[in-house]
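Notes follow the structure.
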Amino acid sequence: MSAGAAAELFRSAYGRDPDVVASAPGRVNLIGEHTDYNGGEVLPMAIDRRTWVALGREPGAVSRAVSREVGDAGSFTLATPQAAGAWWDYVHGALREVRTTVGDGGAWAVAVVSDVPAGAGLSSSAALEVATVLAAAHLTDPATPLAMPVVAQLAYRAEREFVGVPCGIMDQCASACATEGHALRIWCDSGRVAAVPFDRQVLVIDTAVPRSLRGSAFAERQAACVRALKTLQRHAPSLDVLAHASLAAIESLLDGEDRRRARHVVRESARVGEVVEALRTGQSLGPWLAASHASLRDDYACSSPELDWVVDAAVATPGVEGARLTGAGWGGCAIAIGEAEALEVLRARVMEDFPGRWGHPPRSWRTRASRGASIDA
Ligand code: ADP
Ligand code: MG
């Protein structure tokens, strides 16, 4: 997959060359789960799978979009503020943000190719939005390139406000701002980012469990976090986000589920800094990954039997440093970190044993920290 493939698709759809091709990667989160929407820290990295967006100007008011991965072609007008419930909403939303912030570039022709698996928790949606924003901003105002954190902001607003997904900023920020051989530490309270050298291999295992529970359970967790913050603020009005609360206050002022959810957020956010220090001093990440998974399973209650099974299989494999669920949970993906050979042993074992145990095949990808978004042609 390449910029050339996107240009080729553009030519076959529109009969001319594109004016620009931009690309952006998917991402996986190493640690810091359910912390982003609580003002905490996260540590994602870009993966070596990308989405390429070829873009050209289109006469008239109607923009058009095709994707190699999805059959149906879309058309939309940028003045229309409603999403259509289709894949091109991500493109439409991203182009609207560019129009508002950078300038009116008229209508667009768009061609998308990607090797980021969609709907697997590797953030194909952010890759699509970020590549679209970057390409359209480049053509609208070539003299003033947008800083990558601004590209991330526009892509984030497209997903949150136009498509209507209540996500945090992590996915778009990782896709736009990551650099090769580094994870990206993000302080979600301020949007500050720092590159953290990360050269270890990562195996992503998708348990391929339908995520039907996720929407309602996720909304419930978010509500619990808001409730916990409000209770804590009655005693400490200067507390701005839940991730900044003290564990002592959580233990003394909250109870039941709210206490467990808040405890997870504060401890998980603290683990990001601890992992950055462990990486700096060359330690195994195993203990932090194990603590993160246990906390997500027991305090945040967002694991699944399949994810627990994969994590158990990973930590039982010699040479695997550690493993945990990654992404929102309730199905979805786990990561394992370790030596390449050990990860391949684990992968073979999971691919063989998982279907007999759970009734369907999982998917897996080995990856490493890759570069963020770029203008490619
Ligand atoms: P994830 O971001 O974890 O992959 P989402 O449900 O957030 O899952 O986003 C997946 C959606 O993004 C797809 O259903 C599709 O609408 C859109 N999408 C992602 N990649 C592409 C692509 N290459 N072509 C068309 N649509 C895409
Ligand atoms: Mg997504």
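At position 82 of the sequence shown (counting the first as 1) the number is 82 in the numbering used here, and the numbers step up by one without a gap.
Glycine is no exception: its CB is placed at the ideal position from the N, C-alpha and C atoms.
### Query
Taking 8 Å as the cut-off, does the CB of arginine 50 come closer than this to any heavy atom belonging to the ligand ADP?
no
### Task
Compare the beta carbon distance of alanine 224 and arginine 27 with 9 Å and say whether it is the shorter of the two.
no
### Task
Check each candidate in Thr51, Asp17 and Ile31 and name the one with the smallest Cα separation from glycine 372.
Thr51
### Message
Could you tell me which whole beta strand (DSSP E) segments of length 3 or greater appear in the region 79-135?
### Response
107-114
#### Entry: Distance between beta carbons of glutamate 58 and alanine 127, contact taken as under 8 Å
The pair is not a contact, with the Cβ atoms about 23 Å apart (cut-off 8 Å).
### Query
Near valine 62, what residues of its chain come up, given a Cβ to Cβ distance below 8 Å and the 5 sequence neighbours on each side ignored?
Ser75, Phe76, Thr77 and Ala107
### Task
State yes or no: is the C-beta of cysteine 167 nearer than 8 Å to some heavy atom of the ligand MG?
yes
### Task
Could you pull out every residue in the same chain whose Cβ sits closer than 7 Å to the Cβ of arginine 157, ignoring the five residues on either side in sequence?
Glu97
### Task
Apply the 10 Å Cβ neighbour rule to histidine 138 and answer buried if 16 or more other Cβ atoms are within range, or exposed otherwise.
buried
#### Entry: Nearest to valine 42 (by Cα), restricted to the options Ile186, Leu55, Asp141 and Arg160
Ile186
### Whole beta strand (DSSP E) elements within the region 299-361, 3-residue minimum
320-326 and 333-338
### Message
Could you pull the DSSP bridge partners for glutamine 201 from this structure?
### Response
Gly338
### Task
Would you identify the three-state DSSP class for glycine 256, choosing helix, strand or coil?
helix
### Task
Report the rounded CA-to-CA distance for glycine 359 versus leucine 30, giving the unit in angstroms.
28 Å
#### Entry: Assigned exposure category for leucine 247 - 16 Cβ within 10 Å defines buried
exposed
### Task
Give the C-beta separation of arginine 16 and glycine 56 to the nearest angstrom, bearing in mind that I take them to be a contact with Cβ-Cβ under 8 Å.
7 Å
### aspartate 391: CB within 8 Å of a non-hydrogen atom of the ligand MG
An answer regarding residue 391 cannot be provided, because it is not within the stretch 1 to 377 covered by the chain.
### Message
Just to confirm before moving on: does the CB-CB distance between glutamine 172 and valine 110 stay below 9 Å?
### Response
no
### Task
State yes or no: is the C-beta of leucine 122 nearer than 8 Å to some heavy atom of the ligand ADP?
yes
### Task
Report all residues from its chain with a CB closer than 8 Å to the CB of valine 193; omit the five preceding and five following residues, and keep chain order.
Pro149, Cys173, Cys177, Leu184, Arg185, Ile186 and Trp187
### Message
Rounding to the nearest angstrom, what Cα-Cα distance links valine 112 and glutamate 8 in this structure?
### Response
10 Å
### Task
Could you pull the start and end residues of the beta strand (DSSP E) that leucine 184 belongs to?
182-187
### Separation of alanine 83 from alanine 73, as counted between CA atoms
15 Å
### Task
Pair every Cβ in the region 267-283 with every Cβ in the region 319-335, then say whether three or more of these pairs are closer than 8 Å.
no
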